[in-house]
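First up is the structure itself, then whatever we jot down about it.
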Amino acid sequence: MAAVSAARREARNGNAPAPRLGPVVGSRHPDATRPGPAGPRPAPPTRSAECSTVTSPTTTDALTITTTPGTTPTGTTISGTGLKPVLPPIEDRIAAELDVKAWQVRATVELLDGGSTVPFVARYRKEVTGSLDDAQLRTLEERLQYLRDLEQRRAAVLESVASQGKLDAALAEQIMSAETKSRLEDVYLPFKPKRRTKAMIAREAGLQPLADLLLADATTDPQAAAAGFVDTDKGVADVQAALDGARSILVETFAEDADLIGELRERLWVKGRLGSTVREGKEESGSKFADYFEFSEPLGKLPSHRILALFRGEKEDVLTLNLEPEETPEGAAAHGPTAVPTSYEQSIARRFDIADRGRAADRWLLDTVRWAWRTRIMVRLDLDVRGRLWQVAEDEALRVFAGNLRDLLLAAPAGTRPTMGLDPGLRTGTKVAVVDATGKVVDTATIYPHVPHRKWDASLALLADLVKKHSVELVAIGNGTASRETDKLATELIANLQGTGNAKLVKAVVSEAGASVYSASAYASAELPELDVSLRGAVSIARRLQDPLAELVKIDPKSIGVGQYQHDLSEARLSRSLDAVVEDCVNGVGVDLNTASVPLLRRVSGISETLAAAIVAYRDANGPFRTRAALKEVPRLGAKAFEQCAGFLRIPDGDDPLDASGVHPESYPVVRRIMEATARDVRSLIGDTAALRALRAADFVDDSVGLPTVTDIIGELEKPGRDPRPAFATATFADGVEKVEDLRRGMVLEGVVTNVAAFGAFVDVGVHQDGLVHVSAMSRTFVKDPREVVKPGDVVKVKVLEVDVARQRIGLTLRLDDEVPGDKGAGPSAEQGRTAGGRGRPGGRPGGQQGRGGQGGGHGGGQGGQGGQGGRRDARPAPEPTGALAEAFRRAGYGQDGGSKR
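When you line the sequence shown up against my numbering, it's residues 311 to 1212, in that order.
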C-alpha cells in the first residue's frame, strides 16, 4: 500500500496550516520569562485603553510566526533558539494510550484518511492494522479527532500570541508542550483577548510597579508605598484605591498562572466533594429528587447517573449544588471559617513566596491570596470541575446508551416466518397487521376486544381467520397500553387453535419504543402509503419480531429510548456515538442486498443515503441482483464505494455462492486457490468443516493477502454468512402473576431483561411494572459493569426480594439462594429493594416476551454493596438515582426523561 505523506493527510483532513516560528526580534530581558515554581516572575502583559488587544511589555522579546502549508504545530521549530516540540507525533501518542504499536496507528490513520470506514478496516484490513478490533478503531478515531483539534487550536494560540508581540521561547515551549486542551487554555489565558478588567484599569493607572514592589519585597509598608501612587487624574483617589488596584493586578496574576491552576484543579478533583441541598419551598414539587435534598459525596466517587441526577435537579430549580474543596481546616472551627487558610490558599502563597514572617506587607499579601482564591480561582475551578464531572457522566451515559442500543439491535431475530403484529389499544381498538416471511404487508384490521367495546369473541374469530388465511406462525404484541389484556386475547387464540394446523403459533412481547416516531416518519409514508399511521405501528411491531435490526434502523437511534438522561447529553456526541453503534451492528450482521430497505443499506460501509436509494431503484427496475459484481452497474456507485460495501452485502440465492458469505470479492482468488488445493468446487467445499479445518492457512498467504485474512476466509467458508445474533427464545411468565399485587417475597420467576444501567438491571416479570435487580444482587463476586452479567433481551430467573404495592416498586435478585429481607441470611437489603420500581405503564405486560436465549437461574450470591454510595450528611447510604433511563426508568418510576411512549 502506497504511503500517504503526513502533509497530504493533514491537507486532506482540512487541518489548519502549522505556524512556523520566525527569528527573534530585539534582545532578551533576563526577567521576561513565564512564571515557574522557582524561577523569576513574569513580566505582566499590558493593555492600552484604546485597543482591545493585549500588547507586549517593552521588556519582553517577541518571536514572530509565519505559516507554512502542509506542516503541523508538532513539527514547528523556533528560529534562532533551536527549540523543538516536546510532544511526540499524534500517532505515537495514540499508540501509547491504546498500548499498541505506532506503525499500527499510522497505518490505520492512513486508511481512515483515505476514506475507509471502521467496519471495513476492522474486517478486511487486519494485516495492515495488526488486527485492531472495532472497539480499538473507534477509540483511535475519537482520539485522532481530539488531538487534531488540539493541534489546530495550538496553531491558533501561537498565532494569536505572536500577533501581540509576546511569543518568547519559554512561552512557545509551554504552548508546544500542552498535552490537553485544558492545559493549552491555561497557558493561553493571560494572553487571551478579553474585556477590560480591574487589573487592566489598575495597570493603565500606573499601579503595576506598586504590585511588583509589594510582591517582591514584603518588608515594604503597603500604606507608605501606596501613598506615592495616589493620582486623582488617573483615577487613584487615595491610598486605599491604590492598594485595591495593586491587589487586582496580583489577583489576576495568581489566577492566570497556568501551572498553579493545573495543580489546584487536580487537587480539587481528588479532595473535593459535591454537595446538594433542596431549595426553599421545593420539597414537595421536587420530591423525585428527595434523595439529594441533603447530600454530599467525593467527586471521584460520584457515579454517572448520580451526577446527571444532581445536574438535572439544579436545572429544574429544585437543588442547589455546591462544591466543597476540602474538609474544614484544623482550627477553623474555633477561630472562624476564614481564620485558617485552606490548603489551596497555602499553595498559592508558596507559589509566590508569600508567608507571614512578621514583615510589613505579609498580612496584606496573605489577604490578597485569600481574595484571589475565593473570588477568582475558586470560581473558575468550580466551572472547570463541573465541566469535568459532566464530561465523565456524559461519557458513561453514552457508553450505557450505546451498549443498550447494541443489545437491542443484536437481539435474537425470530426469522423469516409469517407474523401477526398487535398494537394494543382500548378505546381506539387494537391494530392488527399481518406480514409474510419477507415482511411484506398482506393484511390489516382493527379489533375492539377491550373496554369500552368488549367485542372479545368477534375479535378472536377475526384473528383466527387471519392466522389460518396467512399461515401465521408468530404473534408480536406491543408492550404499551392494554398489553396485558391483549396478551390474554392471544393466549386464548392459541388455545383455540390447538389441534388445528396452526398449533405451532407462538406469541412474544415486542418493545414499542420509537414505533410512533417511525409511523409518522416520511420513510414510513413512502414505504406504507396506503396504510393509516396507526396501522403502520402494528406493521413495525410484527417486523421487529422477525428482524429487530432491519426494522430498528428505520428509526432515529435517539428515539428508541434506552439512554440514561439522553435529552441532557450533547446532541452531536450522542448522534456520533449511536450512529457508530448502528453502523457496527449492521455491518457485523451483514445485509441481504435483495431485500434491504434504504435505511438499512445506508448503514452499510461506504453507502450513503443517496447511494442506498440508487441501489433500491436499480433493483426495482432490473430485478434482484444475481452477483455482487452487478453492483458496479448502479449509477454513482464507484470503485471506492464498491470496495467498502461489497463484503457486507449478501446474495443468498445468487449465481456465486461466495456472494452469500462474508468473503470480500477481492479475496475470491484466494478461495479459487483453496479449491485447486482441495480439488473441490466451491459449493461442495462450503460447510465442509473437516476439509476446511485440515487446511493450513499459511499455505495460502502471499504478497496480496496475509494470514489473518486467510484464516477469516476459511472460517467464513465453514459457516458462510453466519449471524452473530443469539437464538430466538421467549420467556414464560408465571400463571396468575399479572400485577404487582400478585407478587410475593421469595417467588422465583422467569423474566426478560429490558434495560441495564450502571446500578443494576430492569427485568420484566409479566406484571405492569419492571423490577430492579441491584448491581449488588447480581453475583457473589464484585460486578463493575452490570452488562457483564446480563444484557437487554436476556431471559433470566429472578427471586422477588421486596414488593411495595403502594409505590409500585419491585426488588429482585439473580441469586436464587438469597434470603428475602427479614429472614436469616445476608441477601440484599430492603434499601436495595426500595430503590426499585416506580410508576409503571398503563395496561400490563403479556405472558411472554422476546428474549436473547436463557441465562438460566441465579448467578450465585452477593457482593458487598457497590462502592461510592455517597456521603449523605445524615450518614445514611445514598440511594440510587431519581433520574430516567428513558423507557425503562419511566417504567421503574425514575422520572420522565426520554420522551413519552406511544
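Think of the CB as a built atom: it goes at the ideal place given N, C-alpha and C, for glycine as much as any other residue. These numbers come from a predicted model, not from an experiment.
- When only Cα atoms are considered, GLY1121 and PHE1072 end up about 10 Å apart.
- Residue pairing by DSSP places PHE1072 opposite ASN1065, LEU1082 in a beta bridge.
- The residues LEU560, VAL561, PHE564, ALA565, ILE658, in chain order, have a CB closer than 8 Å to that of ALA682 in the same chain once the five nearest residues on each side in sequence are set aside.
- Ranked by how close their Cα comes to the Cα of ALA535, the residues ASP522, THR542, LYS544, ARG993 have ASP522 in first place.
- Comparing alpha carbon positions, the residue from MET688, VAL896, ARG883 closest to LEU719 is VAL896.
- Between LEU921 and ARG946, the gap from beta carbon to beta carbon is short of 8 Å.
- Within 10 angstroms of the beta-carbon of GLY972 lie 16 or more other beta-carbons, which makes it buried.
- Contiguous alpha helix (DSSP H) elements confined to the segment 463-489 occur at 479-487, taking only those with 4 or more residues.
- Straight-line measurement puts the Cα of GLN876 at about 10 Å from the Cα of LEU618.
- For LYS598, the secondary structure class from DSSP, reduced to helix, strand or coil, is helix.
- Assigned with DSSP and collapsed to three states, PRO608 falls in strand.
- Approximately 6 Å separates the beta-carbon atoms of VAL1115 and VAL1050; this is inside 8 Å, confirming the contact.
- In this structure, the beta-carbon distance from VAL1100 to VAL1066 falls below 8 Å.
- For LYS765, the CB contacts under 8 Å within the same chain, skipping 5 residues up- and downstream, are ILE757, TYR758, PRO759 in chain order.
- For ASP866, DSSP assigns no beta-bridge partner whatsoever.
- Counted as a single uninterrupted DSSP element, the stretch harbouring VAL1110 is not any alpha helix (DSSP H) but the beta strand (DSSP E) occupying residues 1105-1114.
- For ILE917, there is no enclosing alpha helix (DSSP H), since its DSSP letter is neither H nor E.
- In the structure shown, ARG960 adopts extended strand secondary structure according to DSSP, grouped into three states.
- Within its own chain, the residues whose Cβ lies closer than 7 Å to the Cβ of ARG416, once the five positions on either side in sequence are excluded, are GLU401, listed in chain order.
- Counting C-beta atoms within 10 angstroms of its own C-beta, GLY582 has 16 or more neighbours from the protein chains shown and is therefore classed as buried.
- At a cut-off of 3 residues, the continuous stretches assigned as beta strand (DSSP E) that sit fully inside the segment 773-831 are 784-788, 816-820.
- In the structure shown, the three-state DSSP call for MET730 is strand.
- With fewer than 16 other Cβ atoms inside 10 Å of its own Cβ, TYR833 counts as exposed.
- DSSP places VAL702 in the helix class (H, G or I) of the three-state scheme.
- The DSSP-derived three-state label of THR1019 is helix.
- About 11 Å separates the beta carbons of SER977 and ILE1024, which is beyond the 8 Å limit, so they are not a contact pair.
- For LYS868, the closest alpha carbon among the candidates GLY824, ALA836, LEU838, PRO975 is that of GLY824.
- Excluding sequence positions up to five before and after THR418, its CB lies within less than 8 Å of the CB of VAL431, VAL438, THR439, LEU442, LEU447, LEU450, all in the same chain and listed in chain order.
- Counted as a single uninterrupted DSSP element, the stretch harbouring VAL1130 is not any beta strand (DSSP E), since DSSP gives it neither H nor E.
- Only residues of its own chain outside the window of five on either side were considered, and among them LEU995, ALA1001 have a CB closer than 7 Å to the CB of THR988, listed in chain order.
- The three-state reading of DSSP puts GLY900 in coil, since its state is none of H, G, I, E or B.
- Taking a cut-off of 8 Å for Cβ pairs, the segment 959-974 and the segment 928-943 touch, as three or more such pairs fall below it.
- Contact between VAL471 and LEU481 holds: their C-beta atoms lie close to 7 Å from each other, under 8 Å.
- The beta carbon of LYS942 sits closer than 7 Å to the beta carbons of PHE952 from its chain, once the five residues preceding and following it are set aside; these are given in chain order.
- Nearest C-alpha to LEU584 among LYS1094, PRO503, LEU693: LEU693.
- Our two residues, GLU489 and GLY572, have alpha carbons roughly 12 Å apart in a direct line.
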